[in-house]
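Enquirer:
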Ligand code: HEM
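Numbering (this note's numbering), first residue to last: 1 to 229.
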């Protein structure tokens, strides 16, 4: 009788509860911001016919865009702080990925793995170099979306937070070449996120199927199933 190879694996915590919760909250915010953003950019639906003189559909879309906009601003600021400050094992592993990203050997091994001509390199951190570079780029996109969003916001609401941030946002507005450019940049950055999404999902499924560590499930369960040595 042929012997079956038994692979022993053990569960390891990959993502903290907070990281997972913020991942999905950010997902909801991005979906809401994309739908309402498309509407603000080019109105694609009109309110249903009613006896009311005004149904404020445009105002509602803007309201939800700004609410989720501030959710995204808060998550982005907090995640940047947490990446550097957290003592939790999961974030220590996230920081550990920085070391892997500096190693040319790991980059080459990782590229070979994706081209199906090599084994997965052993990593010190939680993300491989390609993944780490992509996520660092993503944070630049999020930060610019928040910054251009806030510049647009201070021109929509002049009281409260809008008024308080007005002076701070004006130099950035000039730096981007004026309000019209800010709008265009904000819009183009949305497309960067839209293109990122299918690539992100493809990579997760690829890693999940090839790595057999439960990569896809880990953003729900928090666990990965690593080979026992
Ligand atoms: C995933 C993130 C986001 C996406 C996809 C997104 C998308 C968009 C799009 C497509 C527009 C219309 C631009 C155009 O005229 O073509 C827009 C407008 C706007 N966005 Fe965002 N946005 C995001 C984040 C934010 C954030 C963080 C804020 C900050 C609070 C914000 C505030 C605004 C404001 C105030 C406008 C209205 C501009 C106006 O009145 O003309 N957005 N957004």
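Every residue, glycine too, gets a C-beta built ideally from N, C-alpha and C.
Under 7 Å: does the beta carbon of residue 52 sit that close to some heavy atom of the ligand HEM?
Expert: Here the question's residue 52 lines up with position 52 in the chain shown. Checking every heavy atom of the ligand HEM against the Cβ of residue 52, none is found closer than 7 Å.
Enquirer: Hey, residue 154 and residue 162 are a contact pair by Cβ (cut 8 Å); roughly how many whole angstroms apart?
Expert: As a first step, residue 154 is located in the chain shown; it is residue number 154 there, counting from the start. As a first step, residue 162 is located in the chain shown; it is residue number 162 there, counting from the start. The C-beta separation of residue 154 from residue 162 comes to about 5 Å, placing the pair in contact by the 8 Å criterion.
Enquirer: In chain order, what residues of the same chain have a beta carbon less than 6 Å from the beta carbon of residue 142, not counting five sequence neighbours either side?
Expert: The count along the chain shown starts at 1 and reaches residue 142 at position 142. Cβ within range, chain order: 76.
Enquirer: Using a threshold of 7 Å, is the CB atom of residue 156 nearer than that to any non-hydrogen atom of the ligand COA?
Expert: Looking for the ligand COA in the displayed structure turns up nothing; the ligands present are the ligand HEM.
Enquirer: Could you tell me whether the segment 121 to 140 touches the segment 95 to 106, using the rule of 3 or more Cβ pairs below 8 Å?
Expert: yes
Enquirer: Following a CB-centred definition, is residue 177 positioned closer than 7 Å to any heavy atom of the ligand HEM?
Expert: Taking the first residue of the chain shown as 1, we reach residue 177 at position 177. No, the Cβ of residue 177 stays beyond 7 Å of every heavy atom of the ligand HEM.
Enquirer: Could you tell me the boundaries of the beta strand (DSSP E) in which residue 10 lies?
Expert: Position 10 of the chain shown, counted from the start, is the residue given in the question as residue 10. Here the beta strand (DSSP E) through residue 10 covers 9 to 13.
Enquirer: Could you tell me whether the Cβ atoms of residue 275 and residue 223 are closer together than 8 Å?
Expert: The displayed coordinates of the chain run from 1 to 229. Any statement about residue 275 would go beyond what the structure contains.
Enquirer: In chain order, what residues of the same chain lie with their CB nearer than 7 Å to the CB of residue 9, ignoring the 5 residues before and after it?
Expert: The residue you call residue 9 lines up with position 9 of the chain shown. Closer than 7 Å at the Cβ level, and outside the excluded window around residue 9, lie 225, 226, 227 and 228.
Enquirer: Closer than 8 Å is the cut-off here; do at least three beta carbon pairs connect the segment 143 to 152 with the segment 172 to 182?
Expert: Verdict: yes, contact present.
Enquirer: Is it a yes or a no for the segment 26 to 45 touching the segment 185 to 198, going by three-plus beta-carbon pairs under 8 Å?
Expert: yes
Enquirer: Would you mind reading off the limits of the beta strand (DSSP E) that contains residue 79?
Expert: Locating residue 79 in the chain shown gives position 79, counting from the first residue. Segment 57 to 85 is the alpha helix (DSSP H) holding residue 79; no beta strand (DSSP E) there.
Enquirer: Taking just the CA atoms, how far does residue 7 sit from residue 1?
Expert: Translated into positions along the chain shown, residue 1 becomes position 1. Translated into positions along the chain shown, residue 7 becomes position 7. Interpretation of residue 1 is limited by its pLDDT of 47, a score under 50 that renders its predicted location unreliable; no figure is taken from the coordinates.
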